[in-house]
Amino acid sequence: MAIDLVRFRIASWFKAKYPHVCGTLVDLVNNPSKCLPPSKAAIGRTMVCWEKPQPGLLKFNVDGSSLGNPRPSGIGGLLRDHLGRVLISFSKPIGIADSNMAEVMAVREALALFVTSEWVVNYPLILECDSQNTVCWVRNPCDAPWRMRSLFNHICNLLRQTKDWKVVHTLREGN
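Following our numbering from start to finish, the sequence shown increments by one per residue and tops out at 164.
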């Protein structure tokens, strides 16, 4: 009897706080788990997934990570075909760097591997990165920070060796 009173009081409070969440007070007392409000994290979120490239294209997803700015950092990447098969992968530490430097170094490493591969002659490349700064700098190397000038000179030389390429930004979850 006391448990029923407690459940009724909690249900009454919940119904007052969230009037549009579930049907009646009786529904809430009898089956409270069906009347939970949506979590704040779930509201307004869209699902982001990696997408395969079109047939005849290859996609290199790259990422750089830093444990602080600057702190120990690492880079990694995957080159995949239109079936999602991994053709090239890399992952390695790069020493002390900030997050922007790590992202740019991941792009350089991916391009260096791609231009020495058998696929450079026949396949256009899509380079996906979750750093908007890096994407902007690859598209417009003159806008890159001066301290990264030599990296971008190397990146530009590598891009000249590819058949065709484009760099695109993707959300972290899709990378």
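Ideal Cβ positions, reconstructed from N, Cα and C, are used throughout, including at glycine.
(request) Indicate whether V157 and V127 have their beta-carbon atoms separated by less than 8 Å. (result) The Cβ-Cβ distance between V157 and V127 does not fall below 8 Å.
(message) When you compare the CB positions of L114 and T159, do they come within less than 8 Å of one another, or not?
(response) Cβ distance not < 8 Å, so L114 and T159 don't count as in contact.
(request) Would you identify the three-state DSSP class for A86, choosing helix, strand or coil? (result) DSSP places A86 in strand when its eight states are reduced to three.
(message) My assumption, with CB atoms under 8 Å, is that I85 sits in contact with I64. Please give the rounded CB distance.
(response) That belief does not hold up - the Cβ atoms of I85 and I64 are roughly 13 Å apart, past 8 Å.
(message) With the cut-off set at 8 Å, would you say E162 and V75 are in Cβ contact?
(response) If you check the CB distance, E162 and V75 do not come in under 8 Å.
(message) Taking the straight line between their C-alpha atoms, what separation do you get for P130 and N20?
(response) Answer to the nearest angstrom: the Cα atoms are 60 Å apart.
(message) Measuring only the C-alpha atoms, how far is P134 from K155?
(response) Straight-line Cα distance between these residues: approximately 21 Å.
(request) Pull up the distance between the alpha-carbon of W39 and that of L72, whole angstroms please. (result) Approximately 12 Å between the Cα atoms of the pair.
(request) Tell me whether L56 is buried or exposed, calling it buried when 16 or more other Cβ atoms sit within 10 Å of its Cβ. (result) Here L56 is exposed: its Cβ has fewer than 16 other Cβ atoms, across all protein chains shown, within 10 Å.
(request) Using 10 angstroms around the beta-carbon of G45, count the other beta-carbons present and answer buried if the total reaches 16, otherwise exposed. (result) Around the beta-carbon of G45, fewer than 16 other beta-carbon atoms lie within 10 Å, marking it exposed.
(request) Going by CA-CA distance only, name the one from L47, W2, D87 and F3 that's closest to V104. (result) Nearest C-alpha to V104: L47.
(request) With V124 as the anchor, note down where its alpha helix (DSSP H) starts and where it stops. (result) For V124, the uninterrupted alpha helix (DSSP H) segment begins and ends at Q121 to R128.
(message) What would DSSP say about E98, mapped onto helix, strand or coil?
(response) E98: helix per DSSP, three-state reduction.
(request) Consult DSSP for H165 and reduce its assignment to one of helix, strand or coil. (result) Nothing can be reported for residue 165, as the shown portion of the chain is limited to -10 through 164.
(message) Less than 8 Å between C-beta atoms, sequence neighbours within five positions excluded: which residues of the same chain meet that for I165?
(response) The structure shown does not extend to residue 165, since the chain spans only -10 to 164, so no value can be given for it.
(message) With the cut-off set at 8 Å, would you say A165 and S54 are in Cβ contact?
(response) Past the edges of the chain, shown from -10 to 164, lies residue 165, and the structure says nothing about it.
(request) On a CA-only basis, which of P42, L67, I77 and S88 is nearest E107? Give me that one, please. (result) It is I77.
(message) Short of 6 Å in beta carbon distance, which residues of its chain neighbour S80, apart from the five on each side in sequence? Order them along the chain.
(response) Here S80 has G65 as same chain residues with Cβ atoms under 6 Å from its own Cβ, once five neighbours each way along the sequence are excluded.
(request) Keeping to the same chain, check which residues put their C-beta closer than 8 Å to that of N111; ignore five residues upstream and five downstream. (result) Here the set comprises K152.
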